[in-house]
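> I have a structure I would like to understand better, so I am pasting it below and will then ask my questions one at a time.
In this note's numbering, the protein residues as written are 496 to 892.
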């Protein structure tokens, strides 16, 4: 296919127009434009295209395929929403996938044919790929892979009501969290119900600091992202943005945990009412693919003082009932209590084994106890810090 036809085909994209925003495709487009015009900039534009490609990969075919499979476009959104896809849109998809297959298989020699100084021009790898087959296969498993940013990342924060990818998420795994298996299994079971499309509860992980509540949620997100789970962390002052966020996620084929870490309120906190509305559901109801997981060191989520109890609210009892009932709106509450000595030492021994620390059990336990006394008591966090210091040689075994 000539550079003129490739340029025309690239310009004619309707469904996959988002590809223009990609640096590799953008520089390729610049080259094809200059090549068909016999511009003196053609050689430089070709080399710029290959340079931008090299920054990412040497295989142009595979790179283009991933762009296509992850693209958030009008076809995939309509397909996932269950709306009927018209015959013209379907025909357009078939045509564009056929063109992209040809484009992906165009070798460097074919692409640079006719340019002066061909012996100096860099090459890249291509291969034969059936784009139509690959794309149809992705659609059939879209509930596992997702599309757009949700196909590339599995943990997010929120900015202006929109998910923002976390490019380097905490790699915490369930295997790295010894202890609290019974408590953790309840959260896992609830998550698996969410993934299976069964009724799942909003969950509150309550307990002492350092007992692994937040780590549990992040480890579950890492464990189940290949099964279609995504985690979006929402700060307390962003709770008012959740309704818009849930509306945007409602038709997405993936399942989402909205994660609110270290949650607590004062009695007159505006965000208190916002969370109540989220947990109860608005007139639109709660989306079946979203669950709220919150962690807190406070059983009832509210910072309560003696002055609150002795306040001048005429309807004091009603106010206190409203405050205390917030945590009851979580369908699942799991308590993570500070471990007793033996459980703490079990965690230390398990972590020492993971880090391949070679030290006899008696010495390990004596030093672990001493470390706990110096650092605020026995918790899984203190145990982890102790073993990491030991493994790193910061403290002697």
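For every residue, glycine included, the Cβ atom is placed at its ideal position computed from N, Cα and C.
Return helix, strand or coil for residue 574, following the three-state DSSP convention.
On the chain shown, residue 574 is found 79 positions in, with the first residue counted as 1. It is helical.
> Is the CB-CB distance between residue 436 and residue 831 below 7 Å?
The displayed coordinates of the chain run from 496 to 892. Any statement about residue 436 would go beyond what the structure contains.
> What is the C-beta distance between residue 876 and residue 867, in whole angstroms, given that I count them as a contact (C-beta under 8 Å)?
Residue 876 sits at position 381 when you count from the first residue of the chain shown. Residue 867 sits at position 372 when you count from the first residue of the chain shown. Going by Cβ atoms, the distance from residue 876 to residue 867 rounds to 11 Å, so no, they are not a contact pair.
> Would you say residue 689 and residue 789 are within 7 Å of each other, going by their C-beta atoms?
Counting from 1 along the chain shown, the entry for residue 689 is found at position 194. Counting from 1 along the chain shown, the entry for residue 789 is found at position 294. Contact: no.
> What residue from 752, 511, 887 has the CA that sits closest to residue 645's CA?
Numbered from 1 along the chain shown, position 150 holds the residue referred to as residue 645. Closest by alpha carbon: 752.
> Please determine, among 883, 837, 672, 849, the residue with the shortest C-alpha to C-alpha distance to residue 861.
Position 366 of the chain shown holds residue 861. Residue 861 has its Cα closest to that of 837, out of 883, 837, 672, 849.
> Whose CA, out of 531, 525, 560, 568, lies closest to the CA of residue 547?
The residue labelled residue 547 in the question sits at position 52 within the chain shown. Per the Cα distances, 525.
> Report all residues from its chain with a CB closer than 6 Å to the CB of residue 739; omit the five preceding and five following residues, and keep chain order.
Counting from one through the chain shown, the residue named residue 739 turns up at place 244. These residues qualify, in order along the chain: 656.
> Is the Cβ-Cβ distance between residue 541 and residue 607 less than 7 Å?
Here the question's residue 541 lines up with position 46 in the chain shown. Here the question's residue 607 lines up with position 112 in the chain shown. Contact flag set, yes.
> Counting along the chain, where does the alpha helix (DSSP H) carrying residue 878 start and finish?
Here residue 878 is taken as the residue at index 383 of the chain shown, counted from 1. Element bounds for residue 878: 875-886.
> Between which two residues does the beta strand (DSSP E) carrying residue 790 extend?
Residue numbering aside, residue 790 sits at position 295 when the chain shown is read from its first letter. Here the beta strand (DSSP E) through residue 790 covers 785-791.
> Could you give the first and the last residue of the continuous beta strand (DSSP E) run that contains residue 755?
To locate residue 755, count along the chain shown from 1; it is residue 260. Looking at the DSSP string, the run of the beta strand (DSSP E) that includes residue 755 is 750-755.
> Can you tell me whether residue 659 is helix, strand or coil according to DSSP?
Along the chain shown, read from residue 1 onward, the residue named residue 659 stands at position 164. Three-state result, residue 659: strand.
> By a C-beta neighbour count over all protein chains shown, 10 Å radius and 16 as the cutoff for buried, is residue 662 buried or exposed?
As a first step, residue 662 is located in the chain shown; it is residue number 167 there, counting from the start. The residue in question, residue 662, is exposed, as its Cβ has fewer than 16 Cβ neighbours within 10 Å.
> Considering just the uninterrupted stretch of the beta strand (DSSP E) at residue 827, what are its terminal residues?
Along the chain shown, read from residue 1 onward, the residue named residue 827 stands at position 332. Where residue 827 is concerned, the enclosing beta strand (DSSP E) stretches over 827-831.
> So the beta strand (DSSP E) residue 580 belongs to, where does it begin and stop?
Mapped onto the chain shown, residue 580 falls at position 85. Residue 580 -> no beta strand (DSSP E), and no H or E assigned at all.
> Report yes if the CB atom of residue 637 is closer than 7 Å to the CB atom of residue 748, and no otherwise.
Position 142 of the chain shown, counted from the start, is the residue given in the question as residue 637. Position 253 of the chain shown, counted from the start, is the residue given in the question as residue 748. Against a cut-off of 7 Å, the Cβ pair of residue 748 and residue 637 comes out as a contact.
> CB-CB under 7 Å to residue 568, same chain, minus the five flanking residues each way: which ones, in chain order?
Position 73 of the chain shown, counting from 1, holds the residue named residue 568. Excluding positions up to five away in sequence, the list reads 510, 511, 513.
> Starting from residue 651, trace the alpha helix (DSSP H) both ways and give me its first and last residue.
The residue labelled residue 651 in the question sits at position 156 within the chain shown. Unbroken run through residue 651 is the beta strand (DSSP E), 650-654; no alpha helix (DSSP H).
> Please work out which residues of its chain come closer than 6 Å, Cβ to Cβ, to residue 745, disregarding the five sequence neighbours upstream and downstream, and give them in chain order.
Counted from its first residue, the chain shown places residue 745 at position 250. If we look at residue 745 and ignore the five residues flanking it on each side, its Cβ neighbours are 782.
> Using a 10 Å radius around the Cβ and a threshold of 16 neighbouring Cβ atoms, would you call residue 750 buried or exposed?
Within the chain shown, residue 750 is the residue found at index 255, counting from 1. It counts as buried.
> List the whole-angstrom C-beta distance separating residue 560 from residue 615, where the pair is believed to meet the contact cut-off of C-beta under 8 Å.
The count along the chain shown starts at 1 and reaches residue 560 at position 65. The count along the chain shown starts at 1 and reaches residue 615 at position 120. That pair is no contact at about 29 Å.
> In the DSSP output, which residue or residues are listed as bridge partners for residue 698?
Here residue 698 is taken as the residue at index 203 of the chain shown, counted from 1. 788, 827, per the DSSP bridge assignment.
> Looking only at C-alpha atoms, which of 725, 718, 631, 754 sits nearest to residue 734?
Within the chain shown, residue 734 is the residue found at index 239, counting from 1. Among 725, 718, 631, 754, the Cα nearest to that of residue 734 is on 754.
> Using CA atoms only, rank isn't needed, just tell me which of 859, 888, 821 is closest to residue 839.
Numbered from 1 along the chain shown, position 344 holds the residue referred to as residue 839. The shortest Cα separation from residue 839 among 859, 888, 821 belongs to 859.
> Helix, strand or coil for residue 717 per DSSP?
Taking the chain shown and counting its residues from 1, one reaches residue 717 at position 222. Helix, per DSSP.
> So residue 527 packs on residue 498, CB below 8 Å; how close in whole Å?
Here residue 527 refers to the residue found at position 32 when the chain shown is read from its first residue. Here residue 498 refers to the residue found at position 3 when the chain shown is read from its first residue. Sure, about 5 Å apart at Cβ, within 8 Å.
> Confirm, please, whether the CB-CB distance from residue 827 to residue 878 is below 7 Å.
The residue you call residue 878 lines up with position 383 of the chain shown. The residue you call residue 827 lines up with position 332 of the chain shown. Not in contact: residue 878 and residue 827 (Cβ atoms no closer than 7 Å).
> Count the other C-beta atoms from every protein chain shown that fall within 10 angstroms of the C-beta of residue 890, then say buried if there are 16 or more, exposed otherwise.
In the chain shown, counting from the first residue as 1, residue 890 sits at position 395. With fewer than 16 other Cβ atoms within 10 Å, it is exposed.
> Could you pull out every residue in the same chain whose Cβ sits closer than 7 Å to the Cβ of residue 674, ignoring the five residues on either side in sequence?
Position 179 of the chain shown, counting from 1, holds the residue named residue 674. Correct list, in chain order: 834, 838, 841, 842, 875.
> Under 8 Å by Cβ, that's how I've got residue 620 and residue 554 pegged, so tell me the actual separation to the nearest angstrom.
Residue mapping note: residue 620 aligns to position 125 of the chain shown, counting from 1. Residue mapping note: residue 554 aligns to position 59 of the chain shown, counting from 1. Confirmed, Cβ separation roughly 4 Å.
> According to DSSP, is residue 608 part of a helix, a strand, or is it coil?
On the chain shown, position 113 is the one that residue 608 refers to. It is coil, neither helix nor strand.
> If I measure Cβ to Cβ from residue 640 and keep anything under 7 Å in the same chain, skipping five residues before and after, which residues do I get?
By 1-based counting over the chain shown, the position of residue 640 is 145. Taken in chain order, the residues that qualify are 633, 646.
> By a C-beta neighbour count over all protein chains shown, 10 Å radius and 16 as the cutoff for buried, is residue 698 buried or exposed?
Numbered from its first residue, the chain shown carries residue 698 at position 203. Its Cβ being crowded by 16 or more others within 10 Å, residue 698 is buried.
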